[in-house]
Structure formats: structure tokens, C-alpha cells
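Numbering (my numbering), first residue to last: 854 to 1007.
Every residue gets a Cβ at the ideal spot worked out from N, C-alpha and C, and that includes glycine.
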Ligand code: SF4
Ligand code: SF4
Ligand code: SF4
């Protein structure tokens, strides 16, 4: 489900604008994509059988929400163009393979913190991020160097 855009997410929502989540459905779709909401924050999705399939798809798509919370990294997939700069400047990922520094692609290494999957940034190993490891130096490299401003820290 990587690569979902806001309209793809919106189409999976009930689209009733009931505001039980505190906003309208389109805003909720955007909040899911940026990690500010999770599928279970929409009560109709959870409670109504007719949305069960859509709810399952959304849980699969946003199953890394916990990982994003762990690193504090919020991803706006509508802005990300998959350039890979964030993965290439992540020192922790570089330590795991120089192939990444040589521009050979982050999918070749075992456990980078972040990687490009299906053309979009994905958090692969949140526990290794400097923002999670106790006493590690502060790091904002991926956020600061993303040319599309697709990353923020929550
Ligand atoms: S609770 Fe669900 S259905 Fe209601 S507005 Fe929010 S996203 Fe839409
Ligand atoms: S640097 Fe930004 S635009 Fe490029 S892959 Fe990373 S998040 Fe996406
Ligand atoms: S904050 Fe630093 S260590 Fe964490 S993913 Fe970004 S560049 Fe890598």
C-alpha cells in the first residue's frame, strides 16, 4: 500500500463527514498520511461492518504508525518524490553499507533506518534512529536535507 495519495486514502474512508474524529474525512485522510491520526481514530470504520474491508486495508497501509511515533518522524507521502536523499544522508544507514553512499540504492542493505520502497520513503528500522537510541547525538539530517520538505518531526 506504499505510495497511497490522499485521494486513495479518502476513498477508503466512509466519506460521511460525521466529524466523530474531530475533522472531516478529507482532513482525516491527510492526517493518516502525515502520521497525525491512525485508522482506529475513525469510529465508523471500527464499528460498522460495511467498512471492515476498508479498515483492514488502512491498518495495513498505516501499520508503521507506531514506528513513526518511535522516531518522531512524520512523512507526507504526497510531497515525497522518492529521490532517496534522506536515506543517503542518514549516518546510521550509511554505517550499515557504503553501497548506499555510492548511490546503489537502499534496498540492498539489511536494515537501514529509512529506505525507498516503491518510490517512496519508508521507515524500516526505527529502533536504530539516533532520535530513539539513548544518548545518541541529536540528528535532523533527513528532515533538514529533504528537498521536498516531506519530513517533519512530531
Ligand atoms: S470519523 Fe471517519 S467518517 Fe467521520 S469524519 Fe472522521 S474520517 Fe470521516
Ligand atoms: S529526501 Fe524527501 S523527497 Fe527524497 S525520498 Fe526522502 S522524504 Fe522523499
Ligand atoms: S533522524 Fe537521523 S538517524 Fe534518524 S532517520 Fe533521520 S537521518 Fe537517520
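Beta-ladder partner(s) of residue 927, from DSSP: Under DSSP, residue 927 takes part in a beta bridge, and its partners are 1005.
N-terminal and C-terminal residue of the alpha helix (DSSP H) that residue 968 is part of: Looking at the DSSP string, residue 968 is not in any alpha helix (DSSP H); the run it does join, the beta strand (DSSP E), is 967-970.
Best match in 887, 968, 927 for proximity to residue 943 [C-alpha to C-alpha]: Comparing Cα-Cα distances from residue 943 to each of 887, 968, 927, the minimum goes to 968.
DSSP beta-bridge partners of residue 975: DSSP output for residue 975 lists 968 as bridge partner(s).
Proximity to residue 883 [Cα-Cα], best of 897, 900, 865: Of the listed residues, the one whose Cα sits closest to residue 883 is 865.
Residue 899: first and last residue of the uninterrupted alpha helix (DSSP H) it sits in: Unbroken alpha helix (DSSP H) run through residue 899: 896-900.
Rounded separation between residue 964 and residue 939 - CA only: Their Cα atoms are separated by approximately 15 Å.
Residue 881: first and last residue of the uninterrupted alpha helix (DSSP H) it sits in: 878-886 is the span of the alpha helix (DSSP H), which, as asked, contains residue 881.
Euclidean distance between Cα positions of residue 898 and residue 873: About 11 Å.
Nearest-angstrom Cα separation, counted from residue 907 out to residue 947: Each residue's Cα considered, the two are about 37 Å apart.
Inter-residue spacing [alpha-carbon to alpha-carbon] between residue 997 and residue 902: Here the C-alpha atom of residue 997 lies approximately 43 Å from the C-alpha atom of residue 902.
Nearest neighbour of residue 974, chosen from 890, 891, 881, 1001 [CA to CA]: Per the Cα distances, 1001.
Under 7 Å between C-beta atoms of residue 912 and residue 896: Contact flag unset, no.
Buried or exposed by the 16-neighbour rule on C-beta atoms within 10 Å, applied to residue 887: The Cβ neighbour count for residue 887, taken over all protein chains shown within 10 Å, is at least 16; the residue is labelled buried.
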